[in-house]
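Sequential numbering of the sequence shown, starting at 15, is according to this note's numbering. For each residue, glycine too, the CB sits at the ideal point set by N, CA and C.
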Amino acid sequence: MSTSFGVMLLGTGSSLPARSLRNGDFPASLDTSDEWIRSRTGIGERRIAAAGDTSASLGLAAARRALEAAQLDPADLDMIICATVTPDMMVPAAACLIQSGLGCRPIPAFDINAACTGFLYGLSIAAQFIRTGSCRRILVVGAETLSRIVDFSDRTTCVLFGDGAGAVVVGAADGQGRGEHWFRLYADGSRADYIRLNGARLRPPASSPAEPRPTDEFDFLRMNGREVFKFAVRTIIELVSESLAECNLSPADIDLVIPHQVNQRIIDAAFADLNFPTEKLMVNLDRYGNTSAASIPIALDEAMRTGRAAPGDRVLLIAFGGGLTWAGGVWTI
Ligand code: UT7
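So, in structure tokens, the structure goes:
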């Protein structure tokens with residue numbers, strides 16, 4: 015791993031809506047059960063945003079906690095990156111709303127969409143700006159209100175997802191080992207149909223200005239669950255193997271693995287194949303479900319605050335999702 019231009023974790027934060035939707039809370043008309051959801055996914059409950067909550071407001075709360083943990087002020091930030099597939103609106107970016115909420119200088123702020131892989135894409139972009147010396151401290155947020163795009167009459171998707179946000183503040187490495195990292199990003203748009211959200215809140219293009227266009231079209235998140243399941247197991251195995259090989263490490267050298275919080279069966283199937291002790295796996299999907307771009311930073315914040323991870327630990331981050339996109343990282347936090 016590179017030692018000279020690392021990106022160090024300075025602080026983490028998260029924000030979860032107070033309202034919990036337990037498996038037993040779904041209406042009988044959905045024709046599901048606590049037993050089915052737990053045994054097929056590992057999920058017991060998920061958080062649902064209150065009427066006034068948005069991805070930006072949850073992201074802002076997570077960002078404030080991350081700055082507090084880093085003992086920094088908004089004025090110390092040089093850039094804000096927000097990974098989300100559920101921005102409050104198309105324009106402006108959620109990152110700009112977070113910037114305004116924090117009261118920052120006019121630093122660059124932008125969103126990225128790499129679905130559930132978005133946070134790792136964001137972290138990797140932040141590392142590049144820090145590596146070149148053009149930024150000293152960057153806020154990277156993963157924030158989602160997936161309950162806005164989930165069809166609550168579709169049992170194959172609505173039981174899986176939850177709302178929440180996580181954030182990290184990163185800065186230049188200390189030269190003492192903390193901050194060493196290796197990130198690798200991937201995408202394959204030929205499998206775009208596996209997970210798809212068609213034109214939410216966007217009208218179809220007008221072929222002529224006179225053509226009437228529907229005003230109330232809104233599609234929900236659609237997914238080929240079985241194909242995504244197979245893709246996810248294969249991808250975790252490949253990413254972990256590649257990460258360890260590229261960094262010349264073995265599972266014993268990794269203190270904690272934070273996989274995208276997707277499905278306990280997917281995580282179990284992949285890691286059983288990889289000979290990783292289960293106590294090295296950070297999993298909280300039983301309480302929060304899949305929060306897409308927010309899942310890794312929420313889990314990282316929980317790991318830091320509960321002592322499962324500490325400064326100097328070597329963590330393995332694994333993400334995959336719509337696009338399709340996927341990414342892996344080894345990071346000495
Ligand atoms: O960030 C990436 C996002 N993607 C994902 O998280 C998806 C990954 N895929 C999965 O997690 C799993 O494929 C699911 C949890 C979505 C589905 O589990 P599965 O074991 O692959 O089930 P299946 O799709 O093979 O469906 C088995 C049965 C079907 O009924 P029939 O056709 O056998 O009668 C489904 O209709 O289970 C039924 N089913 C449900 N039954 C009760 C699907 N969802 C539910 C449900 N409650 N919520």
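Check                                                                                                                                                                      : Outcome
Are there any heavy atoms of the ligand UT7 lying less than 8 Å away from the beta-carbon of Ala-284, as far as the coordinates show?                                      : no
Within its chain, find whatever has a CB closer than 6 Å to the CB of Gly-117; leave out the 5 residues flanking it on each side and keep chain order.                     : Pro-88
Should Asp-269 be listed as close to the ligand UT7, given that the test is whether its C-beta is under 8 Å from any heavy atom?                                           : no
Between the stretch 39 to 50 and the stretch 92 to 110, can you find at least three pairs of beta-carbon atoms closer than 8 Å?                                            : no
Note the first and the last residue of the continuous beta strand (DSSP E) segment covering Gly-132.                                                                       : Not the beta strand (DSSP E): Gly-132 falls in the alpha helix (DSSP H), residues 132 to 145.
With a CB to CB cut of under 6 Å and the five nearest residues on each side skipped, what residues in its chain are close to Asp-202?                                      : Leu-338
Kindly say whether Gly-326, judged by its beta-carbon, lies nearer than 9 Å to any beta-carbon of chain B.                                                                 : Although the question refers to chain B, the structure presented lacks it and comprises just one protein chain.
Can the beta-carbon of Ala-179 be found closer than 9 Å to that of Glu-158?                                                                                                : yes
Take Thr-46 and list the residues in its own chain whose beta-carbon comes closer than 7 Å to its own, dropping the five residues that flank it on each side.              : Phe-40, Arg-169 and Val-173
Please tell me whether Gly-20 and Arg-192 are closer than 9 Å, where the distance is taken between their beta carbons.                                                     : yes
If you reduce the DSSP assignment to three classes, tell me which class Cys-96 lands in.                                                                                   : strand
With DSSP as the reference, label Arg-169 as helix, strand or coil.                                                                                                        : helix
What are the residues that DSSP puts in a beta bridge with Thr-346?                                                                                                        : Arg-328
If you follow the alpha helix (DSSP H) that Met-318 is in, where does it begin and where does it stop?                                                                     : 309 to 320
Closest by CA to Phe-290, which one among Ala-266, Glu-256 and Arg-301?                                                                                                    : Ala-266
Taking 8 Å as the cut-off, is the beta-carbon of Asp-177 closer than that to any non-hydrogen atom of the ligand UT7?                                                      : no
Report the three-state DSSP secondary structure of Tyr-200 (helix, strand or coil).                                                                                        : strand
Within the same chain, show all residues whose beta-carbon is closer than 7 Å to that of Leu-35, passing over the 5 residues directly before and after it, in chain order. : Glu-59, Arg-60 and Ile-62
Using the rule of at least 16 other Cβ atoms within 10 Å of the residue's Cβ for burial, across every protein chain shown, is Asp-207 buried or exposed?                   : exposed
Got a sec? Which residues, its chain only, sit under 7 Å from Trp-345 by beta carbon, not counting five neighbours each side?                                              : His-195, Val-329 and Leu-331
Is Glu-194 helix, strand or coil by DSSP?                                                                                                                                  : coil
Cβ of Thr-209 within 9 Å of Cβ of Gly-335?                                                                                                                                 : Per the sequence shown, the amino acid found at residue 209 is Ile instead of Thr. Closer than 9 Å, so yes.
Going by DSSP in three states, Ala-63 sits in which element: helix, strand or coil?                                                                                        : coil
Please confirm whether any heavy atom of the ligand UT7 lies closer than 8 Å to the CB of Phe-290.                                                                         : no
According to DSSP, is Ile-163 helix, strand or coil?                                                                                                                       : coil
In angstroms, rounded to a whole number, what distance separates the CA positions of Ala-333 and Leu-288?                                                                  : 16 Å
Would a C-beta distance cut-off of 9 Å place Ile-312 and Gln-275 closer than the cut-off?                                                                                  : yes
Figure out for me which residue from Ala-140, Arg-52 and Val-182 has the closest Cα to the Cα of Ser-309.                                                                  : Val-182
When you compare each of Ile-121, Leu-153, Lys-294 and Arg-150 to Gly-379 by their alpha carbons, which one comes out closest?                                             : Missing from the structure shown is residue 379; the chain here goes from 15 to 347 and no further.
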